[in-house]
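Numbering (the working numbering), first residue to last: 24 to 135. One structure is given below, encoded as structure tokens.
Spelled out as structure tokens, the structure:
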């Protein structure tokens with residue numbers, strides 16, 4: 024898949040289909056979703072897809088279960104969304120370290 028194709032609506036729908044499979048209480052990375060889609064270099068495009076979710080679909084696609092490879096929530100200047108993501112994950116039973124910014128992939132990771 025080329026980079027231009029990785030930004031197509033079909034790519035986005037493929038991302039959403041994988042994200043829907045992440046069980047409650049688990050997380051995965053943008054890169055792992057890209058790998059599952061057969062395009063391991065498309066992690067950023069996965070992020071774009073999730074950032075492009077329309078409000079009416081956010082409750083159907085568990086976007087909050089996708090984090091960066093360091094086990095942290097990624098945000099680009101949108102601290103409200105980062106706080107929301109953390110709160111939603113905590114209600115699902117996903118907890119961060121004492122510093123409050125990193126989680127344990129051994130415990131919470133989903134990497135089929």
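A virtual CB, placed ideally from N, CA and C, is assigned to each residue, including glycine.
Residue 90, DSSP secondary structure in three states:
strand
Chain-order list of residues whose beta-carbon lies under 7 Å from that of residue 123 (same chain, five-residue window excluded)
none
For residue 35, which of 129, 62 and 48 has the nearest alpha-carbon?
62
For residue 126, count the other beta carbons within 10 Å of its own beta carbon; 16 or more makes it buried, fewer makes it exposed. Which is it?
buried
By a C-beta neighbour count over all protein chains shown, 10 Å radius and 16 as the cutoff for buried, is residue 102 buried or exposed?
exposed
Given a cut-off of 8 Å, decide if residue 66 and residue 38 are closer than it, judged by their beta-carbon atoms.
no
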